[in-house]
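Undergrad: Residue numbering for the sequence shown follows the working numbering, starting at 1 and increasing by one per position. To start, I am sharing the structure in question, which I have written as structure tokens.
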Amino acid sequence: MFSKINSCAVFGIDGKVISVEADVNDGLPMFTMVGFLSSSVKEAGERVRTALKNSGYHMPPKRITINLSPADIRKEGSGFDLPVAMAVLLAIGILPEIDMEKTLVIGELGLDGEVKPITGVLPMVYHCMKMGMTSCIVPKENEREAALVPGMKVYGVSSLQEAAEFIQGIIQVLPCNHESIINIGSKEDYNLDFSEVKGQTSLKRGMEIAAAGFHNVLMTGAAGAGKSMLAKRLPTIMPKLTFEECIDITKIYSISGLLDNNNALIMKRPFRSPHHTISNHALVGGGANPRPGEISLAHNGVLFLDELPEFNKNVLEVMRQPIEDRCITISRVNASYIFPSDFMLVAAMNKCPCGNYPNLKKCKCTPYEIRRYQGKISGPLLDRIDITMEVMPIEFGSLFQNESCESSEDIRARVETARIIQQYRYKDEGINFNSQLDGKKLKKYIKLGIKEEALLMDAFKKDELSARGVYRVLRLARTIADLDESKDVKSSHIMEAVFYKNNGKFYNEEV
Ligand SMILES: [Zn+2]
1 MFSKINSCAV FGIDGKVISV EADVNDGLPM FTMVGFLSSS VKEAGERVRT ALKNSGYHMP
61 PKRITINLSP ADIRKEGSGF DLPVAMAVLL AIGILPEIDM EKTLVIGELG LDGEVKPITG
121 VLPMVYHCMK MGMTSCIVPK ENEREAALVP GMKVYGVSSL QEAAEFIQGI IQVLPCNHES
181 IINIGSKEDY NLDFSEVKGQ TSLKRGMEIA AAGFHNVLMT GAAGAGKSML AKRLPTIMPK
241 LTFEECIDIT KIYSISGLLD NNNALIMKRP FRSPHHTISN HALVGGGANP RPGEISLAHN
301 GVLFLDELPE FNKNVLEVMR QPIEDRCITI SRVNASYIFP SDFMLVAAMN KCPCGNYPNL
361 KKCKCTPYEI RRYQGKISGP LLDRIDITME VMPIEFGSLF QNESCESSED IRARVETARI
421 IQQYRYKDEG INFNSQLDGK KLKKYIKLGI KEEALLMDAF KKDELSARGV YRVLRLARTI
481 ADLDESKDVK SSHIMEAVFY KNNGKFYNEE V
């Protein structure tokens, strides 16, 4: 007899339907699996046979062949165990011949028949929903994640026997409810707030501008001045995530195995801060069966690189393209994998190797050492950073002052307004933010008055701005005007933009 069960595999962050076919024939008792399988999938045969036996199902002494198709895709992972076992049970007549055409089955099996959780459930179920399937049988521990997909009946099972008896109609399995998952998940708790940062008014304002226009930021300054304290709070003033954005982020965490069943939907903007010893693979993604790297885990959120000059130079180089494209393509012999990577880069660095410059009482570095240290950051990477800010150590007095500082919620309200203005303005341009304006679009969307142009010309001469520097000032000025809800870019906006373009300027900067 022949049987077929739908399963799924993940490539990049998208699913692909894989058909699991079983054929039972007279002949020498054998159990073979074919269909371009990686070694982890080949091992499934042994697991499935043992799990079937330990679940009380006896295999007839026949020749059983399993085929996973399409044949041109290399199959990875352990999620095919359950569908293979179900296909066998169907082919040997233990399961009734019911219509499984619109049902997805995924899950790993333990030798005792237990169904174990797997990674990538959300992208798989999401893809199968798009392909017209209406129900899925998944590991119990993954059911909440699967139920994030609207329009899918999700049945979570804990054992092979439970799955089989459910299909046989012996027991009932209640579907996991989509609405309840979405409602439980609708909390957004950062445990951090901008009101906790005392003083530092101009830095907080810089962060607000960055969040409003999605501008990349570089903070320079002595160690311990509060650079990471500010960076960590940036997600709290960025606009609330939409449901689609939450799903996109959750898919990436699902593939990476970073979801837990209680926290099925990620509602917070990610904040990732990899250590400077990170490898290329871990940063941008990679491996034989490519996995997302930190730049994708930071998608829709913040990637914080502390002590930027300490990062390996070529690690920083590999980030340039993804910053530009907002996604990363990883090519392998069999396929190309695309992972989204639309993050805001926030970098921080000391001004000298010892970290104390410009405090000359403490810093003993030579000018040559300082220059060399700052020169480690490549010009092309700096080109992608619109805001540079110098962080001064907080004054002793303001540590204890009781002034009430603005909360993240208040700042976010302005940021959200500025975002809406940008989205409306660029609705036909295929971009969302001022930071994405190139030379041509800048000319189209920013018309300066005579006074403003003179001011920019003045800054151009006085601060020795390059053409690129002028573009950066204009992009920032546009965001500042949007925060001001002003249609035109005015002198005050340009002056503030010049400040944030040049604040924290350092030696090797190409101006
Ligand atoms: Zn120093």
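By construction, the Cβ of each residue, glycine as well, lies at the ideal position given by its N, Cα and C atoms. Owing to the predicted nature of the structure, the values given are computational and were not obtained by experimental measurement.
From which residue to which residue does the beta strand (DSSP E) around Phe2 run?
TA: Its beta strand (DSSP E) spans residues 2-11.
Undergrad: Give the secondary structure of Ile295 by DSSP, where H, G and I count as helix, E and B as strand, and everything else as coil.
TA: Helix.
Undergrad: Please report the distance separating the alpha-carbon of Val20 from that of Ser180.
TA: Whole-angstrom Cα-Cα distance: 32 Å.
Undergrad: For Leu203, count neighbouring C-beta atoms within 10 Å of its own C-beta (all shown protein chains included) and say buried if the count is 16 or more, exposed if not.
TA: Leu203 is buried by the Cβ-count criterion.
Undergrad: With Tyr57 and Leu95 assumed to form a contact (beta carbons below 8 Å), what rounded beta-carbon distance in angstroms separates them?
TA: At roughly 10 Å, the Cβ-Cβ gap does not stay under 8 Å, so Tyr57 and Leu95 are not in contact.
Undergrad: Check whether the segment 58-76 touches the segment 101-119, counting contact only when three or more Cβ pairs, one atom from each stretch, lie closer than 8 Å.
TA: They do not touch, by the three-pair rule.
Undergrad: Does the distance between the C-beta of Asn356 and the nearest non-hydrogen atom of ligand 1 fall short of 8 Å?
TA: Asn356: yes, Cβ under 8 Å from ligand 1.
Undergrad: Going by CA-CA distance only, name the one from Gly45, Glu141, Glu165, Leu360 that's closest to Cys176.
TA: Of Gly45, Glu141, Glu165, Leu360, the residue nearest in Cα terms is Glu141.
Undergrad: At a cut-off of 8 Å, is Pro364 close to ligand 1 when judged by its beta-carbon and the heavy atoms of the ligand?
TA: Here residue 364 turns out to be Lys, not Pro, going by the sequence shown. Correct: Lys364 has its Cβ closer than 8 Å to ligand 1.
Undergrad: Would you say the beta carbon of Pro353 is closer than 8 Å to some non-hydrogen atom of ligand 1?
TA: Because some heavy atom of ligand 1 lies under 8 Å away, the Cβ of Pro353 counts as near it: yes.
Undergrad: If we count the other Cβ atoms within 10 Å of its Cβ and call it buried at 16 or more, is Asn359 buried or exposed?
TA: Looking at its Cβ environment, which holds fewer than 16 other Cβ atoms inside 10 Å, Asn359 is exposed.
Undergrad: Pick helix, strand or coil for Pro139, following the three-state DSSP scheme.
TA: DSSP places Pro139 in strand when its eight states are reduced to three.
Undergrad: If you drop the 5 nearest sequence neighbours on each side, which residues of the same chain put their C-beta closer than 8 Å to that of Gly45?
TA: So the qualifying residues of the chain are Phe31, Thr32, Met33, Ile66, Val84.
Undergrad: Let me check you understand the geometry: is the CB of Ile370 closer than 8 Å to at least one non-hydrogen atom of ligand 1?
TA: Yes - ligand 1 has a heavy atom lying nearer than 8 Å to the Cβ of Ile370.
Undergrad: Mind checking Asp260: buried by the 16 CB within 10 Å criterion, or exposed?
TA: It counts as exposed.
Undergrad: Can you say whether Thr277 is buried or exposed, counting buried as having 16 or more other CB atoms within 10 angstroms of its CB?
TA: Per the 10 Å Cβ criterion, exposed.
Undergrad: Can you list, in chain order, the residues of its chain whose CB lies under 8 Å from that of Glu535, leaving out five sequence neighbours each side?
TA: Since the displayed the chain opens at 1 and closes at 511, residue 535 lies outside it and no answer follows.
Undergrad: For chain B, check one thing: does any of its Cβ atoms lie closer than 9 Å to the Cβ of Ala288?
TA: In the structure shown, chain B cannot be found, because there is only a single protein chain.
Undergrad: Less than 8 Å separating the Cβ of Ser492 from some heavy atom of ligand 2?
TA: Among the ligands present in this structure, namely ligand 1, ligand 2 is not found.
Undergrad: Short check: CB of Ser254 to CB of Ser407, under 9 Å?
TA: Cβ atoms of Ser254 and Ser407: not closer than 9 Å.
Undergrad: Below 8 Å, can you find three or more Cβ-Cβ pairs linking the segment 357-376 to the segment 321-328?
TA: No: fewer than three Cβ pairs fall under 8 Å.
Undergrad: Could you pull out every residue in the same chain whose Cβ sits closer than 8 Å to the Cβ of His281, ignoring the five residues on either side in sequence?
TA: Cβ neighbours of His281 beyond the five flanking positions: Gly287, Gly293.
Undergrad: Hey, Ile494 and Leu455 are a contact pair by Cβ (cut 8 Å); roughly how many whole angstroms apart?
TA: Contact flag correct, Cβ pair sits at about 5 Å.
Undergrad: Would the segment 376-391 and the segment 204-220 be scored as touching if the rule is three or more Cβ pairs under 8 Å?
TA: In short, these stretches touch, since the Cβ pair count reaches three.
Undergrad: For Gly469, does the three-state DSSP call read helix, strand or coil?
TA: Helix, per DSSP.
Undergrad: Does the segment 114-124 come close enough to the segment 134-151 to have 3 or more Cβ pairs within less than 8 Å?
TA: They touch, by the three-pair rule.
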